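Q: Dropping the structure in here first, questions after.
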Amino acid sequence: MKNLSTKVAFITGGTKGIGFGVAEAMMREGMNVAITSRTKEAAEEAAKLLNSQSKEGGEAIGLEADVRDFASQEKAAKEVVKRFGKIDVVIANAGLGHFAAVEDLTIEQWKETIDTNLTGPFYSLKATIEQLKVNKGYYITISSLAGTNFFKGGSAYNASKFGVTGFTQAAMLDVRDYGIKVTTIMPGSVATHFNGNEPDKKDDWKIQKEDIGKLVIDLLKMHPRTLPSKIEVRPTTPPSN
Ligand SMILES: NC(=O)c1ccc[n+]([C@@H]2O[C@H](COP(=O)([O-])OP(=O)(O)OC[C@H]3O[C@@H](n4cnc5c(N)ncnc54)[C@H](OP(=O)(O)O)[C@@H]3O)[C@@H](O)[C@H]2O)c1
692 MKNLSTKVAF ITGGTKGIGF GVAEAMMREG MNVAITSRTK EAAEEAAKLL
742 NSQSKEGGEA IGLEADVRDF ASQEKAAKEV VKRFGKIDVV IANAGLGHFA
792 AVEDLTIEQW KETIDTNLTG PFYSLKATIE QLKVNKGYYI TISSLAGTNF
842 FKGGSAYNAS KFGVTGFTQA AMLDVRDYGI KVTTIMPGSV ATHFNGNEPD
892 KKDDWKIQKE DIGKLVIDLL KMHPRTLPSK IEVRPTTPPS N
């Protein structure tokens, strides 16, 4: 994509963590950005913070839209088009994790994980695909290394992330003929609020949210003929090594 300052992004779950880091990186490029959250208050608070930091003219809006609800994502996408005129980039980022042995994992935890991490990104693409077609846009999912490496206690999270990795790759084949680029980013540990973490000095060895932000900007700026469709990204030196 040339001249990112004319582009508009829709980021699910942008109130903190990776989504917020991607929004910050985009606004440094002068992009307009819509972030979503399960609550109106959190979305508006985060958008206010993004706008207070903005020096390059990009604007942020915060919208309540639960990724588990298609109608809610469709409504949010319409609001973005009303406010900014279009959507060029979609980052299907919102996610959570429940970790327990299968016998202890509740039905509700299973459903919440799959509905958020797998069905959510499908709804995000369904709700924005016409915009992405018209604008030859870019759709990026935030999967995980847990989308290729399984681990004990990870049945729901692994299932959701293996699922979203497969979904994204197949969707790429479906939409590439429209000129839409599709990438799944599969991070290892990132210093965020994931699973109740409070990011601080103990997380210095992890990938930082601004690193994923920079990676997304590099993808958007890549030559139109070239598509890194699946990206594994990990901390260089985890503490155990
Ligand atoms: N942190 C890591 O080590 C790591 C590694 C690999 C992949 N990931 C993936 O990265 C993505 C972002 O996670 P993070 O690490 O940035 O975690 P985080 O700091 O906890 O942020 C999660 C974001 O998702 C939003 N969210 C959660 N459920 C939602 C829903 N149903 N509808 C809309 N928004 C929702 C939250 O917003 P509200 O709370 O305001 O609703 C929040 O903005 C997830 O898909 C996660 O699986 C994380």
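With our numbering as the guide, the letters of the sequence shown map in order to residues 692 to 932. Note that beta-carbon positions come from the ideal geometry of N, C-alpha and C, so glycine has one too. From a predicted model like this one, the values you see are computed outputs, not experimental measurements.
1. Mind checking Thr703: buried by the 16 CB within 10 Å criterion, or exposed?
2. With H, G and I counted as helix, E and B as strand and the rest as coil, what does DSSP make of Leu740?
3. Can you give me the Cβ contacts of Leu740 inside the same chain, cut-off strictly under 7 Å, excluding the 5 residues immediately before and after it?
4. May I ask you to report which of helix, strand or coil DSSP gives Ile871?
5. Within 10 angstroms of its Cβ, does His789 collect 16 or more other Cβ (buried), or is it exposed?
6. Going by beta carbon distance, what residues of the same chain come within less than 6 Å of Ser743, once the five residues before and after it are set aside?
7. Give a single yes or no on whether Ser745 has its beta carbon closer than 6 Å to a heavy atom of ligand 1.
8. Drop a sphere of 10 angstroms on the beta-carbon of Asn808, count the other beta-carbons inside from all chains shown, and report buried for 16 or more, exposed for fewer.
9. Have a look at Thr928 and Trp896 and give me their C-alpha separation to the nearest angstrom.
10. Cβ of Gly710 versus every heavy atom of ligand 1: is any distance shorter than 6 Å?
11. Mind checking which residues open and close the beta strand (DSSP E) that includes Val780?
12. Using DSSP with H/G/I as helix, E/B as strand and the rest coil, what is Pro878?
13. Give the C-beta separation of Gly844 and Ala791 to the nearest angstrom, bearing in mind that I take them to be a contact with Cβ-Cβ under 8 Å.
14. Just checking Pro878 against ligand 1 - is the residue's beta carbon closer than 6 Å to any of the ligand's heavy atoms?
15. Please give the ranges of any alpha helix (DSSP H) in the region 805 to 872, keeping only runs that are unbroken, at least 4 residues long and fully inside the region.
16. How is Thr721 classed by DSSP in three states: helix, strand or coil?
17. Have a look at the DSSP bridge pairing and note the partners of Leu754.
18. Is it the case that the CB of Gly887 approaches a heavy atom of ligand 1 more closely than 6 Å?
19. Locate the beta strand (DSSP E) running through Glu923, then write down its first and last residues.
20. Only counting the same chain, and skipping five residues up and downstream in sequence, which positions put a Cβ closer than 7 Å to that of Gln764?
21. List the whole-angstrom C-beta distance separating Val855 from Thr832, where the pair is believed to meet the contact cut-off of C-beta under 8 Å.
22. In three-state terms, what does DSSP make of Phe790?
23. Using 7 Å as the threshold, is the C-beta distance between Lys777 and Val699 below it?
24. Excluding five sequence neighbours on each side, which residues of the same chain lie with their C-beta closer than 6 Å to the C-beta of Trp801?
25. Tell me whether the region 882 to 892 and the region 859 to 874 touch, counting them as touching only if at least three CB pairs, one residue from each stretch, are closer than 8 Å.
26. How would you label Leu911, buried or exposed, when you count the other beta carbons within 10 angstroms and need 16 or more for buried?
A: Answer, in terms of the structure:
1. Indexing the sequence shown from 1 puts residue 703 at position 12. Buried is the label assigned to Thr703, since at least 16 other Cβ atoms lie within 10 Å of its Cβ.
2. Reading the sequence shown from its first residue, position 49 is the one you call residue 740. Here Leu740 sits in helix by DSSP.
3. The residue you call residue 740 lines up with position 49 of the sequence shown. Closer than 7 Å at Cβ, skipping near neighbours: no residue.
4. Stepping through the sequence shown from its first residue, residue 871 is reached at position 180. Ile871 falls in the coil class under three-state DSSP.
5. Within the sequence shown, residue 789 is the residue found at index 98, counting from 1. So His789 counts as buried.
6. Here residue 743 corresponds to residue number 52 of the sequence shown, with the count starting at 1. No residues qualify anywhere along the chain.
7. Within the sequence shown, the letter at position 54 stands for residue 745. Flag unset: Cβ of Ser745 not near ligand 1.
8. Taking the first residue of the sequence shown as position 1, residue 808 is located at position 117. The residue in question, Asn808, is buried, as its Cβ has 16 or more Cβ neighbours within 10 Å.
9. Your numbering for residue 928 matches position 237 in the sequence shown. Your numbering for residue 896 matches position 205 in the sequence shown. Roughly 7 Å between the two C-alpha positions.
10. Position 19 of the sequence shown, counting from 1, holds the residue named residue 710. Yes - ligand 1 has a heavy atom lying nearer than 6 Å to the Cβ of Gly710.
11. Residue 780 sits at position 89 when you count from the first residue of the sequence shown. Residues Val780 to Ala783.
12. Numbered from its first residue, the sequence shown carries residue 878 at position 187. Note: Pro878 maps to strand in three-state DSSP.
13. If you number the sequence shown from 1, residue 844 lands on position 153. If you number the sequence shown from 1, residue 791 lands on position 100. At roughly 6 Å, the Cβ-Cβ gap stays under 8 Å, so Gly844 and Ala791 are in contact.
14. Your numbering for residue 878 matches position 187 in the sequence shown. Yes, ligand 1 has a heavy atom inside 6 Å of this Cβ.
15. 811 to 825 and 846 to 866, all fully within the region 805 to 872.
16. Working through the sequence shown from its first residue, we reach residue 721 at position 30. Before going further, note that residue 721 is Gly rather than Thr in the sequence given. Secondary structure at Gly721: coil, using DSSP grouped into helix, strand and coil.
17. Reading the sequence shown from its first residue, position 63 is the one you call residue 754. Within the DSSP secondary-structure output, Leu754 pairs in a beta bridge with Thr727.
18. Locating residue 887 in the sequence shown gives position 196, where the first residue counts as 1. The answer is no for Gly887.
19. As a first step, residue 923 is located in the sequence shown; it is residue number 232 there, counting from the start. Note, Glu923: beta strand (DSSP E), Lys921 to Val924.
20. Residue 764 sits at position 73 when you count from the first residue of the sequence shown. In the same chain as Gln764, and ignoring 5 residues on each side of it, the C-beta atoms closer than 7 Å to its own belong to Ala756, Val758, Tyr814, Ser815 and Ala818, in chain order.
21. What you label residue 855 is simply residue 164 of the sequence shown in a count that begins at 1. What you label residue 832 is simply residue 141 of the sequence shown in a count that begins at 1. About 5 Å separates the Cβ atoms of Val855 and Thr832, confirming a contact at the 8 Å cut-off.
22. Along the sequence shown, read from residue 1 onward, the residue named residue 790 stands at position 99. Coil, per DSSP.
23. Indexing the sequence shown from 1 puts residue 777 at position 86. Indexing the sequence shown from 1 puts residue 699 at position 8. Taking C-beta atoms as the reference points, Lys777 and Val699 count as a pair closer than 7 Å.
24. For the purposes of this step, residue 801 is identified with residue 110 of the sequence shown, where counting begins at 1. Around Trp801: Ala847.
25. With a cut-off of 8 Å, the region 859 to 874 and the region 882 to 892 do not count as touching, because too few Cβ pairs lie within range.
26. What you label residue 911 is simply residue 220 of the sequence shown in a count that begins at 1. By the 10 Å Cβ count, Leu911 comes out buried.
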